Each structure stands twice: as C-alpha cells, then as structure tokens.
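Q: Protein chains in written order, with my numbering: chain H, 1205 to 1570; chain Z, 1205 to 1570; chain V, 1205 to 1570; chain L, 1205 to 1570.
Every residue gets a Cβ at the ideal spot worked out from N, C-alpha and C, and that includes glycine.
Values in this document were obtained by computation on a predicted structure and should not be read as measured data.
1. The alpha helix (DSSP H) with residue 1355 of chain V in it runs from where to where?
2. Give me whichever residues DSSP pairs with residue 1385 of chain Z in a beta bridge.
3. Would you kindly work out how many angstroms separate the C-alpha atoms of residue 1440 of chain L and residue 1256 of chain L, rounded to a whole number?
4. Does the stretch 1239–1258 of chain H come into contact with the stretch 1267–1287 of chain V, if we say contact requires no fewer than three beta-carbon pairs (one atom in each stretch) closer than 8 Å?
5. Give me the residue from Z:1431, Z:1224, Z:1541, Z:1411 with the minimum Cα distance to residue 1273 of chain Z.
6. Please work out which residues of its chain come closer than 7 Å, Cβ to Cβ, to residue 1226 of chain L, disregarding the five sequence neighbours upstream and downstream, and give them in chain order.
7. Run the CB neighbour count on residue 1424 of chain H, radius 10 Å, all protein chains shown included, and call it buried at 16 or more, exposed below.
8. Who are the neighbours of residue 1447 of chain L on chain H, taking C-beta pairs under 9 Å?
9. Excluding sequence positions up to five away, which residues of its chain have a Cβ less than 6 Å from the Cβ of residue 1487 of chain L?
10. What does the Cβ neighbour count give for residue 1436 of chain Z, buried or exposed, with the cut at 16 atoms within 10 Å?
11. Under 8 Å between C-beta atoms, does residue 1294 of chain Z make it to chain L?
12. Take the Cβ of residue 1323 of chain V as the centre, count every other Cβ of all protein chains shown within 10 Å, and call the residue buried at 16 or more, exposed below.
13. Quick one: is residue 1557 of chain H buried, meaning 16 or more other Cβ sit within 10 Å of its Cβ, or exposed?
14. With the cut-off set at 8 Å, would you say residue 1393 of chain V and residue 1475 of chain V are in Cβ contact?
15. Determine whether the Cβ of residue 1283 of chain V lies closer than 8 Å to any Cβ atom of chain L.
16. Out of H:1242, H:1216, H:1261, state which residue places its alpha-carbon closest to the alpha-carbon of residue 1453 of chain Z.
17. Considering residue 1433 of chain Z, what are the terminal residues of the beta strand (DSSP E) in which it resides?
18. Under the rule that 16 or more other beta-carbon atoms within 10 Å means buried, what is residue 1401 of chain V, buried or exposed?
19. Excluding the five sequence neighbours on either side, which residues of its own chain have a C-beta within less than 6 Å of the C-beta of residue 1359 of chain H, listed in chain order?
20. If you compare alpha carbons, which of V:1422, V:1307, V:1368, V:1299 is closest to residue 1346 of chain V?
21. For a quick check, are the C-beta atoms of residue 1473 of chain Z and residue 1388 of chain Z less than 8 Å apart?
22. Given a cut-off of 8 Å on the beta-carbon distance, is the pair residue 1340 of chain Z and residue 1385 of chain Z in contact?
23. When the Cα of residue 1382 of chain Z is compared with those of Z:1467, Z:1391, Z:1367, Z:1390, which residue comes out closest?
24. Is there at least one Cβ from chain V nearer than 8 Å to residue 1259 of chain H's Cβ?
25. Given that residue 1303 of chain Z touches chain L, what residues does it touch there, using C-beta distances under 7 Å?
26. Would a check of beta-carbon distances place residue 1321 of chain V closer than 8 Å to chain H?
27. Note down, one range per segment and in chain order, each beta strand (DSSP E) of at least 3 residues found wholly within the stretch 1392–1429 of chain Z.
28. Please tell me whether residue 1441 of chain V has its Cβ less than 8 Å away from any Cβ of chain Z.
29. Nearest CA to the CA of residue 1492 of chain L: which residue from L:1510, L:1504, L:1479, L:1208?
30. Kindly indicate which residue of Z:1333, Z:1307, Z:1328 has the alpha-carbon position closest to the one of residue 1293 of chain L.
31. Compare the C-alpha of residue 1537 of chain V against each of V:1228, V:1362, V:1311 and name the closest.
32. First and last residue of the beta strand (DSSP E) that includes residue 1334 of chain L?
33. Identify each residue in the stretch 1222–1233 of chain H for which the Cβ-Cβ distance to at least one residue of chain Z is less than 9 Å, and report them in chain order.
34. Since residue 1280 of chain V is in the beta strand (DSSP E), which residue starts that stretch and which ends it?
35. Tell me, please, which residues DSSP counts as bridged to residue 1629 of chain H.
36. From residue 1433 of chain L to residue 1263 of chain L, what distance separates their C-alpha atoms?
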C-alpha cells in the first residue's frame, strides 16, 4: 500500500529489458551511441516535429538546465506558487541559471490561468535594470494539484506571454522586448497525455510550448529525463551547458536505452494509463468512505484527499504509505475542519489493483 | 579491437545483475533505500574507515562537487597541467565551485611530485585578497600518463601541502592559514589499487587523502561514482550541494545497486585486474613490433605508444579504435620523429585476450 | 521642487570638503590609507562596539555582499514583500550570494512584524535539501513605507528568528540547526536614528542585529556605504568577497574621507534631522490640502500621499518631481478611489524649507 | 619618493575641481544626469567613433564585466601569463563571467605576440563541450613589463584571433565557430597613448579592439573607469550586467564629472605625459648608477630595474617606496645575480621632478 510517490517504484520490466539488451558490446561514448541517436529520432516521431533532445538523469537537472537556456541570469521565470521548481528543488534553479529569479503566480488548482499570468505580468515593476524582466513561464504537467493542462489552456498562456507589454510601454504595441518562452516541467507528462487522449504535439509545440522536460523516471524508468527543444535555435549552447553541469554521461546507452524501451510501442502511455486507472480506482473507493472528500478531480495519477485523523492513523497503522500535504494546495473554498488531515496519494505504473483494493478495504474497516 | 576508452564498454554482467535484482518492489526515494545504505556501509568496510559517501552519476559531477566542498570560490585548486578536470570537463570545475581557479602544476608523467607541488606553491603570489589562495591539490589516480601514485608519493604530497607557508609569512611557521586538502580523481582508482596490491586505505586516508571520487563507471558500472569523505566534517553541506546540483536521484537504487554489485566479493578488483592484464598483454606485444616504443611503464589499464604512421594507418584500416594523444604528455627526453604518431590505448574489464591478440596480429602483419 | 529621491541631491558641502581635504599627497592603496582606518575607528565609537567595517560604493553591493556572508547559496533570506533588495536590485542578491533565495514576508507598512516572520518561518517546507533553509532576515531601516523600526521591534524579530524550529523537529527544542542572522538595509539608517532619538547601538547590536549596511549616499555622501559586522567572525572571508566583487577601491580615501566628513561632530544626524524636518513640513502642509491624505505616519524623510489626479497634474505642470508609487504599499484598509493617485515624495538633507513651501503653495493654488 | 604605484596619488586638482563643480543641485539618478551623458559624448569624440560607454568604480569591475559580455561561462579568455586579471584580481574574472576560464599565453615582455597567440590557440584541445572554446583575448595596455602595444601589434593579434580554426576543422576554412573578441585592460591606457603619440582610435577600434576598459583612476581620477564598446551590439545586456554587479551608482555625477574633468582639453594626456616623463627621468638617472640595469625600455610610466641589494636597502632607508617584483617578468636572457633584486617603480601624474631627483641623489649617494 505504497502511495508515497511514483518515484518509489522500480523500472518497468520492459524498460529494464531494453537496458539489459543494450548492455552488450562497446559503443561510442558521450551520447554518440546508437541507442541515444535512435531515442532522439523516436522522440521526433512521437512529437511529430523536428526537435533537439538532450538526455539527463534527474528532473531537477532537466528543468533547471532548460530554464538556463531561455532565461538570462537577470531574468525572471514565472511559475505557480506551489511549483516543484519553486518549492522542492532547493536553489537548483538559481544555480543552473546563474541567478535568475523565480516569481510565483497565484492559482488554486496548481495551474496558472492565462488571467492570473496576465495579472502577474502586469503587476511586475518594469523599469529594468532595476527590476527583473520576465523571460519564461514554467508550468507543471501534471499540476501540483494533480490536474492536467488542456491544449487550449496552454495556448492561452502562450498568448498571454506573447502579448506582454511592460507597463509604461503600452505605446510600443507589437514590439515586445523579449519573447517570453513556455517551459513545461513534464515529470508526469505521460500521465497527462494519457489523460488528455491527445497527441503529444497538441499539448506542446502546437500549443506554443518552447521546451519540454519529459520525465520517464516517475513513469517506468530508473533515471531518464529528456530536455526537448522544439526550436533548435534555443538549444544552440545546450551541449556546453549539459557538459558543464556534469550531465554528459559517458555511457549514453544508460539513458538512450531506457527511453527506447519506454517509448517503444506506446509502452510509456500504457504505463501512464495503468497509473491513472489505479488513481481513479483509489479516488472512487475513497470518496465513498464516510468523512472522506476528494477536493480535486483526479485527472492523472495523483489523489488528494481530506481524511478524518482516526482514519489516517488507522491506515498508517495498517501499513499504508503516503504524504501529508500542504493545505494551501486545497481549493479556495475548502479548508480542514478540526480533526481532518490533507494527504496526497500517488499511484504508479506498478500499482496493482489489489493493492488499491487492500487500501480501500483497510479504509472501510476503520 | 576497441581501445578508445574504458567508458565504451557496457556494464559488467554482475553489476547488471545486481541492478536487475534491485529492480523490484517499492523503496524509499532520494537515497533512503536499502541498496544505497548498504553500499555506503560496504565502502566503509572496503576503506576500513568511517566515511561519508555520496553517489552521483558522472565523474565530472563527482570531482567538481567534491572540490566545491574543500575550496571556496576565491581559492585555487592545484592539479597536474594535463589533469582531466583541467582539460576535459569544460568549465564544470568553475561552475560547481562558484568560480575557484585551477592552477596547473608541471610534471612529465601525469603525476605531481612533492617537489613540483612545493615549487608551485612557493611561486604563488601570496597577497590575498589580490591573489588566490590555494585550498586543495587534486591528483588523478591513475595519472594522465597511465601511472599510479604510490602511497608514499601521496603522503609526500600531503606533507608538502601541509607545510605550505605563504611567501613572506615564513615567520609564522606552524600556523598555516588554511589546510590544503588532498582530492583524488579516482576515475580509474580500481585499476590503481589492483596494480599497487595495497589496501584501498593505504593509498587514501592513510596517505593523507581527504576526499576520493571513486569511479565505477569506467570499470564495470553504467554510471556510478562515489564522493567519499574520510572526515565527515568536510561533508557538512554536501547533501545541499548535491541536491542543488540536481544529483540527488529519486530512485537511489540505480546507484546503490550498481555499487553493491561492483564491490561484492572484490568484483571491482577482479575487473580491474582483468583490464590491467589486458593492457600488459597489449604493451608487451606492441613493444616487440619494430618501430614501436612504449614511453611510459604500463601500470594500469592504459598504454601510451609511439607508432610509425604506416602502422597506425594499417591498424585503423583493420578496424582498430584508439585515440591520437597529446604529445606534451610524452616524456621530457622523448619526442616524435618524422612519421611517428603518439597514441593512447585503453583496455577495460571487457577486453578479451583474443581481442588484444587480434590487434597484435594485425600490427605484426603491417 | 525635487522630491523624486534623496539620491538626486549632491554631497553635503562638509562631506565634499572632507574629500577635498583628503585629496592631497600619496597614501597606501587598497584601504590601507589613514582615512579608511580612522573611519573604521569612528564607526566603532559611534556604535559603541568593536566591529569590522568594509566600505563599498553602492547600497546594492553593500546589501548583497553582506547577505553573501550570512547565507549560503542553498539558503533563503526572508525580507518584506516590498523590500528594495527584492524589487529594485535586479538579481544582484542572487549574483552575490551565489544563488540564495529571497522569500517575501507579508506586512502592510513595509515592516516585518515578529508575528508575520514567525508565521512565514512556520509555513516554510522544512525538508532539506529539497527545501531551502532560512539563514537570514533582512529588514529596511527606514521601511519601504517610510516607517522606522523601533529597538523592541527588531529585538522581537531577532527573538522570532532565534526561536525558529523547522517543522517536525519541535522535539529538538534548544537545538536550532543554524542561527538565522539579522541584516539591516540601512540606506536611510541616519534618518531612522534621528527619528528614534536613540543610540545607533540601541537599534542595531543591542537589539540583535548581526550586520548593518550603513548608507551615507542618500544622506550627504556621493557614494559611500559601509558593511558593518558586529561579530568579527561573520566577516572572516569578507576581504576576499569584496575583492572578488571588484569593490576594493585602490584609492580608499574616496570612501574613508566621505565617511569621516559625514560622521564628524554628528554631521550625519544633523543632515538626517534636516531631511526629516522637511518631510514633516511637507506632510503637515499636504494633509491640509482638500482631497489629500497621508496614509502612513511620516517618521523619517519619506512622505506617501494620495492625491487627486488634477492636483497631481497641476503639481507636475508646476515643475514638481516625484514618483507615482505601488498601491500595494498602501494600508490594508485603504485604497485608491477613482481619480486618485498614490505617490512618494522624498526629502533630502538639501531640501530647503522654501522648496517645500513652494510646493505647498502650488498645491494650495490648484 | 613614492613609486609604489600610480594608485597612491590623489586625484588631479582639475579632476577634483570638476567633481566639486558638479556637486551642486539635484540631478536625475542612476546615470541619467547631464555629466554622465556629456562624458559619454566626450568619449565618442575622443575615440572618433560611435560607442557605448558604461562608468564603474574599479578596474577589476570594468575588466571582469567587460569580459562577461564577450565570453560565455563555458568559454576561455586568453591573456598574458602575468596579466593583472590573471594574477591580481582574485577570482573576480570567474565571478563576473559566471565561470569562464583564463588561459595564460607566454611572452617575455608582458605582451602577447600574434605568434604566441597563434601557437596557444593551435595547442588548445578543440573538442567541445569537453574542452573550453576561446572567446576573447585580453591584453594590458600598458603591459605588465611597462611596454606599449603598437597599433600594428594589436592588429596582428586581432588577425590571429580572427583566423583561428579549431584543430581538426581546418577543412571548414572561412567558417569560424565564434569570433574571438579583443579586450584591452586599459588601466594605463592614457600613458600608452601619450607614449605612442597616436590617436586613441588607432590603437583601439581601428586596430580591431572590441572593448576597452579605460582607466582614469591611476592617472588622475579618484575612482573612475569606463567600459567602452565600439560595437553597440556587444553591449546589449550591459545595463543589466552592471546593475546586477551593484555598479549602477545612484549619484552618477561622481563618475561622469571625474571623466569630464579628466578628458577636458586633453588633460588626461597631459597627466600621462607628465607621468611618462618622470619615469623617463627616473630610468635615465638610474641607468647611470653603477650596478643598476633597466632590463626593459621605459615606454610609459613604469620603470623595472635590477638593483644591487645594498643600494636597495640604502634607498629604502632613505624613505623610498617601491615594490620588489616577480623575477619571471625579467627578459628571457637576463636573470638576477647573487645580491641583486628586481624592482618596479611607478610614477604618476603627481610625481615631481624634484622627487625623482631626490631619489636619484639618494641612489648616487649610496
């Protein structure tokens, strides 16, 4: 009954088999191996677009290196007030960008709306070099509340970013100083696509995304993330950035093979669908337990729930593993009553229906 | 006939099996898994010393993060003029240390002698804050010319570092401003230990080493490096440094399991002995080919050779893979004659005797 | 009628005379001149405490270098949501600290209360290294709304900082992981002391301040700021930090002499009293103009006012210079009505009573 | 008898008068004052070229910020092995550039020859991102041995830089990956121009210089340096860089007025000529003293001399102030005999003929 995080699972057997299969014979080092090359080609097919992909080992590196390519050290990156890059990656964003600033944007469901983005942009003091200038918007797909950005929501964000005019310069309409880029922290991108049932292209470049950090680690790999630029020009110095960050692996097959196994025959989406289904099963069951409520729609593989404390204690005593969560992630019109606790439960590709059932049985038995 | 680098090999089957075995069930994330814990304990046993070990994915990260823990941004790190950290890691050392300076030390065999270290230290302008102050000496085990530091050589370096007194402050003998730390880039540490037939402790903390970057990648792992502090105090902020560098893997078992498989029953030294033996076989055979000379003793798994250009062309045509090398790595009293080329051949644990034999046969057939 | 900023004034004649007087003969460079030495001694007398003082040319450098001495790159600095270091110094704080994070604290009058500080600290996720850990609190004296921190308010902040226990570690009471330091951005410190009529010591080290950036520039100097550590240990590497930041002036007399002239015979407080009196006169007069309100008490040399737009237009047409200001700096229970504008007027030591009178006459004539 | 450094002098009376004159009335802050604007225009006239000039307070800031504009953090800057930026500015170059690497170039007279530059460039390993790629050449005008670069020497350097083709890419002639820029550390630029009797343009943009750090501090100002870009595009982000470095002074008149006074009616060249003449007088006199030799031609305001130790002791006892100097700055075919010492004597605009005479009298009296 492990729902602490999807990063507690092992790799999917098929990903592991691909790695095992690649573990034979010599190969050119530093990403010049055939697995890496084929993985990059596969990504171009999956996204139906020419692209530049760079493989790294963690989501933190992927996100922060990606941001460094689109934000100068004197720029700001706007992200949701609960974004993973803002709260959970230490000061890695500052480290990799050379000191760019993260600026939080309000939003109740972990998502930034075009309206909120516009309002935040408008309120930014705009007298450089005294004030920082925005260069990027970063969104999390799946959001910090387990919701999924729809293509039109992302397109609206891209439109809001593109139409930004610093205060006091309204007169120079049509002449933005700098294009604000759209970055997606896609740690759970697979779950989002599986949920949306759209093409990966629809929710990325077609909607205006400039750079996607596609995470395989949480969804079936051991450690494999891809930084994907849909415009190669943005990647001009990325080889240097990756090397300088110590992320150019000598045995590139480790990353290339994982991605190949993960992408092959839509395995990544199968894994995501499985995780999503487990979350659905979990939420459906939980919502029927007296005293429990599920404040957010379950769109991917995360369930946020309000539990009575006795139930929480009972579940933990029964061996369930999950995290208490930040209450400021709750809906604006909801809050904890006395004796309640807000928790996050995450399913993974490896979560079995029987495991969810056992959890629900334990809950019902409380 | 692949002698380009030991990083062109796959992982050893036993390391891969350990990884496969670990790839099951859920585990606490971010290094709180049992494999990571056991690997750290194993290292303490192997080194016969209490220690703090941090696992990361590349040698560049290991070296540069380690240096950041012992050198402030206004300090200097002394290393051999051909050191890997100086020539082959881009500006990663500057990036991770926040701008510390690498200062090259002369030396003909890729090794720094205590005498050369002392001379370099003495010549450093010593009027801080105008001048940088030395904080660390970094050596490569195996050296850039394929030689191995003996325990007494390292002890002499540590002694030279400890007795450093900035010029003009000779009067304050016994009162060094700051202890100069000893760092070992141990990308091929296993080959060195196998060659020295000593205890890993003898050539590290017993000789005065403060921090060792122990590389498994080149010797049987896919991507696994350990930063090992023999004095836990030096590691006080290392968890923060590693996170900030994006090197805290969520699925720690990837690194822990590789190290466990690699260390188990002395597998790492078996692998190293095999690579070393192949290098020996290669050097012995090559040295008997007319016109070939081997300017450096072959102490580990690298062979540096001077070849007649026709032989070089013949070998490459026959499918041999190896790198032409920097001639300033040749012995001081040797140099290339017209029509000669200086090359480096590296063997790995996976190099077969038959592969070496095929190469020698091809060479003899030229 | 220049009320744009106190940095629009020239240097006070006495400061200029001190500089002129020092501009003769040779002197040891890099701060080893007699003026610098005497200025440091003077500061120790003024603050009635042993201290280490470092002179630099701008407030940005002073603040950011000071923060770099008390916050590591993986730490956070808490400051008011409108703090100058947060809004008006670009990303200099990140640059000088190597990537530390500024975290805004709520507060309506530009001041952080102990209560708000405590609440913010409590809400910080506290699972390092994933989350940043707080290392410093930075306050502005005078605050961004023109108010002055009283000694007991600062003492309360220092107490709140000292009693911080990261969530989940309440058990280890009495064992803070790291002392949170108190930094004062004293760009208008002289005005604050003049207003408080207390000893400079009362409102700094006696109240728990660790490092003060004492600004002379806005109050009579041309460019002269002092970073003052009341605990010399915190300044251990500050000479290196200042040099590395390019702020070790070769002709130290420029800074030393300005400070000597500024401090001599309490000149700095005379200047501040004059500026404060002009602000008082301005506020008193303005508050009697129909339609005008002064939402904050005028405690130093800044007046924040709500003006009817026609009055604003009239004043500007008459040649008055001042800035429209951020409305989120207004009191919580106040807001602009239609046709109103929020403005900031700053007086300096050089502001003449007649200039204020002319402004008030113009206002009355509207 | 002060010959320690030209930075030990005060400001020239005319520079001080200009500052005094500017010290009146209010002015727009942050460089928007009339003095700053006029100083920038003056520079354009002096250099006969459109340019972007940014004023800062120290040479370290000027040099390092300038380099940050032309070298990315993964690039290298080539400079003479004794360059001030390499030896005397701590790790400020790494700090401001975000971690770029300084690479020393050989040269016996403090100057880089085109030949030596070419040789160093050719020897650079050129396999990015493993190796750093060169982006700039930095030269000191006046050189570290007191010599002056002639226009044709600089043009030859610029030509050597422009024709750089990384090893192994000779085939792609005509397609340099990146233009290597030419930076001049002009701490003593005035002395060089006075010595060369050429137009400032001849020895800068006409010879291929991209960015000049023009130092007034050592030659009559208190603290005033200008970073001058002859191609405005290179300065695109310089306002942000300067602000982030804390070098945007609020009272810009401090810098603008110094430069105006310094440039007016060729005052800067008069000062330089005076300093140069004093050096000439000093060298001429010294060279006639038995046992003394002047190993380098005296072309500007620095005299390097080999003195018998007794003479050195006698002079110091008589009150003379100057620095012992690095012997590796001596000509290749010269070295110290037993009982000799190598010293540097620097004259300034303020050095009086009588002071030099007194020194020579003391020397003769030994």
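A: Quick answer:
1. 1355–1366
2. Z:1340
3. 10 Å
4. no
5. Z:1431
6. 1239, 1457, 1461
7. buried
8. 1278, 1332, 1333, 1334
9. 1498, 1502, 1507
10. exposed
11. yes
12. exposed
13. exposed
14. no
15. no
16. H:1261
17. 1429–1433
18. exposed
19. 1411, 1412
20. V:1422
21. no
22. yes
23. Z:1367
24. no
25. 1295, 1298, 1299, 1303
26. no
27. 1415–1419
28. yes
29. L:1510
30. Z:1333
31. V:1311
32. Note, residue 1334 of chain L: premise wrong, no beta strand (DSSP E); not H, not E.
33. 1223, 1224, 1226, 1227, 1228, 1229, 1230, 1231, 1232, 1233
34. 1279–1284
35. Only positions 1205 to 1570 of chain H appear in the structure, and residue 1629 of chain H is not among them; the question remains open.
36. 16 Å
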